[in-house]
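Numbering (the UniProt record's numbering), first residue to last: 1 to 115.
From the three backbone atoms N, C-alpha and C, an ideal C-beta is built for every residue, glycine too.
Structure, as structure tokens:
As structure tokens, this is what we get:
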């Protein structure tokens with residue numbers, strides 16, 4: 001992320017897409033609907049399981065203990081990274097997106113997903 005914010009020339013040099021023609025690979029070969037739908041479904045299922053757990057950890061009787069505070073914070077980070085890792089990756093698989101189509105977006109989401 002430092003390259004994007006502070007060293008733009010180095011970012012453009014390292015993540016250059018001028019040599020790559022997106023249309024050289026047909027859209028049908030770039031799209032992966034089964035993988036995309038699987039990732040989106042996993043995201044929905046895991047979010048529905050995660051949110052109640054976080055709400056329970058937030059109750060006064062649990063939140064008074066330091067271990068639950070730590071687990072609650074880790075859970076929030078995990079929910080956010082799950083959004084980047086499962087949901088957006090699933091959408092990109094469905095659409096057939098590659099890095100050179102949305103370089104800044106994919107780079108930023110990758111930074112969020114990897115923490």
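* Asked: Rounded to the nearest angstrom, how far is the Cβ of residue 49 from that of residue 76, given a contact under 8 angstroms?
  -> No, residue 49 and residue 76 are not in contact; Cβ-Cβ is about 15 angstroms, not under 8 angstroms.
* Cβ-Cβ distance between residue 39 and residue 86 below 8 angstroms -> yes
* Beta-carbon contacts of residue 88 that lie in its chain and below 7 angstroms, excluding the five residues immediately before and after -> 109
* To do: Please name the residue, chosen from 79, 6 and 18, that lies closest to residue 99 on a Cα-to-Cα basis.
  => 18
* Secondary structure of residue 15, DSSP reduced to three states -> coil
* Would you call the CB atoms of residue 37 and residue 90 closer than 8 angstroms? -> yes
* To do: Run the CB neighbour count on residue 67, radius 10 Å, all protein chains shown included, and call it buried at 16 or more, exposed below.
  => exposed
* Asked: If you run the structure through DSSP and keep just helix, strand and coil, what is residue 26?
  -> coil
* Asked: Where does residue 7 sit, in a helix, a strand or coil, going by DSSP?
  -> coil
* To do: Using the Cα positions of residue 58 and residue 111, report the straight-line distance between them to the nearest angstrom.
  => 27 angstroms
* To do: Pull up the distance between the alpha-carbon of residue 4 and that of residue 20, whole angstroms please.
  => 20 angstroms
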